[in-house]
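Here is the structure we will look at, set down as structure tokens.
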Amino acid sequence: MSPHSFFRSLRLMPASAALAALLPASALADSVDAEVVNLVSKQIIVESNGSSYHRVSHLANLVADARIRVDTGSVGRVLSWKLWLGLSNGDGDHIDFPTFGKGKSYDAFQRPRRVDRTERLIVPSTMWKSFVLARCNELADDLRAQGLGNTAVFGQDRSLELAVIAHFDADTNGAGSNYFVEAKPWESHPKTEVICKKWPGASIPQASNNLGVTPAKVVNKGLSIYEQYGIGGLCKIRLDGWITTDQKNTEVSFRYRNQEGKTSKVWSVNTGENKTATFSHWYTINDNGFSESGIALAETGFVRMIGVSHDFKSAWAEYTMECVEGGPGALMANEPPKLTMQIVEQGKVEVHGYLCPERLKLVGLLEGRGNFSGNVVFFGPGYLAPPHDYSITHGQKLIFGADATLDWSETPPPSPHGPMGQHRGFRLNVTNANDKVVASLPLRHHFAQCRPARLNPVVVPKDGLTVEPRPAGAAGSRKAPAAIIRVPQAAPPQPGRPETLQPTIRLKQFQKKAD
């Protein structure tokens, strides 16, 4: 399996699937898979303005038919499933759209052993246009790095491919509910062709007295470096730059590039009324350590600006420092990933006649702000989940999950003084390759509340006997046995009065019909 394939096997799976991939495979493990079976959007058109790729039609949609298959065998049931689309290139850049997915949850007595569904999924361009534009502009950057100017870069149509990937999540129970998902290489997914269109103005002769708007030009630019270093691991540079254009209020985008060819994210500035924009950005620099003789090695390098929206390059700016202990990053702003966590209640169990959550699903989202790797750990009072390995880059998003089973065995009966339930708290820590915590979320409290079970109405004739309502068409059908709830016994009969037997009431558990 290639590194890209393994990377995608963890990265493209949602919380439950990513967690299961880290567990040992079982002979009774469930079978879960999803794939795109029909790609409707076989082409995406991206337009240019002569200096950058800037627009995708707002009416464009990403449309595909995706199939999900879940099989729990003979030892489990499917509680729920969800299916959605994602886009990925062959270099590890990826985005997915769970908001525009489809799924289904099943009530207790309607859970199937197998699910085999094909759904049409539609994602509007507002959700993926930034991702696609970035891929075309990266292509333009690579061509500029080869010495081509904007006229050559945007003088012809250029194309690239993006894989359309079916993402899924499935929640099952039973002995084989931990399932393993085989990684699929990028080449095995269907592709949509992205056409990065040439600038139409490149083929239109421009007369000197034409009425068209003349594109703004960068007429001056510069970059200087402020060094900050010393004892205690401080090793940073501040890049101070300025850009001047020949027109007011011009949007200019650019990247930083160092002597090793590493580039930063794309920054954008506006030159305003005075036609000049000034800006500053901080970056962490690696510590070169010490020589064999124990002498600290100096950190030296060069940085320049490379135009993205306009064709320009600044002169090189040089730095020389003596860092004691540098940060983990290079030119790209290596900041720890941004963390968010959700706590979702799943399953139902009956406790004292109430329905309580069976477990809590912890879902953590990491958003990359640099190159980091290490472990992701969910924990809290009385709880510690197995750690997950991760490796993340700038702009990448990874999802991890864990289950926390709720114990209701010592829960007291319902009280009129407050709701019935239990408080739980969870935290999320992220470590680097040296097992040092680099990002964390504070303790998040969650109250798992129990609620009275809603029951079907019963018929009580005048003679006092209780009769269940019989649904139409139920003759001959097999049902799960109805839950028997006994009415609490009344006070003992008074002397001299005949003793009466308390009737046993048979009630059906409430079932919510599937959508």
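Quick note on this note's numbering: the sequence shown kicks off at 1321 and runs consecutively.
Quick reminder that beta carbons are idealized off the backbone N, C-alpha and C, glycines included.
Excluding its 5 nearest sequence neighbours in each direction, T1725 has C-beta neighbours in its own chain below 7 Å: R1679, listed in chain order. Distance check between S1600 and each of L1559, A1637 and G1621 places L1559 closest, using alpha-carbon atoms only.
Just measuring C-alpha positions, the residue of N1409, W1448 and R1433 sitting nearest T1419 is W1448.
Counting of Cβ neighbours within 10 angstroms places R1744 among the buried residues, the total reaching 16 or more. For D1436, the enclosing beta strand (DSSP E) starts and ends at R1434 to P1444. Here DSSP, grouped into helix, strand and coil, assigns V1586 to coil. Contact between the region 1386 to 1398 and the region 1468 to 1483 is absent: fewer than three C-beta pairs spanning the two stretches fall below 8 Å. Per DSSP, the unbroken beta strand (DSSP E) holding T1598 starts and ends at T1596 to T1604.
Under DSSP, Y1639 takes part in a beta bridge, and its partners are G1621.
Each of G1542, C1676 and P1657 was checked against the Cα of G1627, and the nearest Cα belongs to G1542. With a cutoff of 9 Å on beta-carbon distance, S1371 and C1456 are scored as not near each other. Residues L1685 of the same chain have their beta carbon placed closer than 6 Å to that of T1660, with the five preceding and five following residues left out of the count. Around the beta carbon of G1561, a 10 Å sphere encloses 16 or more other beta carbons of the protein chains shown; the residue is thus reported as buried.
Per DSSP, the unbroken beta strand (DSSP E) holding V1366 starts and ends at Q1363 to S1368. In the three-state scheme derived from DSSP, where H, G and I count as helix and E and B as strand, F1420 is classed as helix. Counting along the chain, the unbroken alpha helix (DSSP H) around N1470 starts and ends at N1470 to V1473. Residues of the same chain with a CB within less than 6 Å of the CB of T1591, apart from the 5 flanking positions on each side, are T1565, T1570 and A1597 in chain order. Judged by DSSP secondary structure, W1401 falls within the beta strand (DSSP E) whose first and last residues are G1396 to S1408. In terms of Cα proximity to A1768, the closest of G1412, T1640, L1704 and I1663 is I1663. As the crow flies, the alpha-carbon of T1620 is around 12 Å from that of I1545. Taken in chain order, no unbroken stretch of alpha helix (DSSP H) lies wholly in the region 1657 to 1716 with a span of 4 residues or more. Looking at K1681, P1707 and G1702, the one whose alpha-carbon comes closest to that of S1693 is P1707. When the Cα atoms are used, I1364 and N1358 turn out to be separated by approximately 16 Å.
In this structure, the straight-line span from the alpha carbon of G1521 to that of I1605 is close to 42 Å.
By the CB criterion at 9 Å, A1483 and G1410 fall inside the cutoff.
The beta carbon of N1749 sits closer than 6 Å to the beta carbons of V1697, V1757 and S1760 from its chain, once the five residues preceding and following it are set aside; these are given in chain order. Each of E1439, V1452 and L1399 was checked against the Cα of D1416, and the nearest Cα belongs to V1452.
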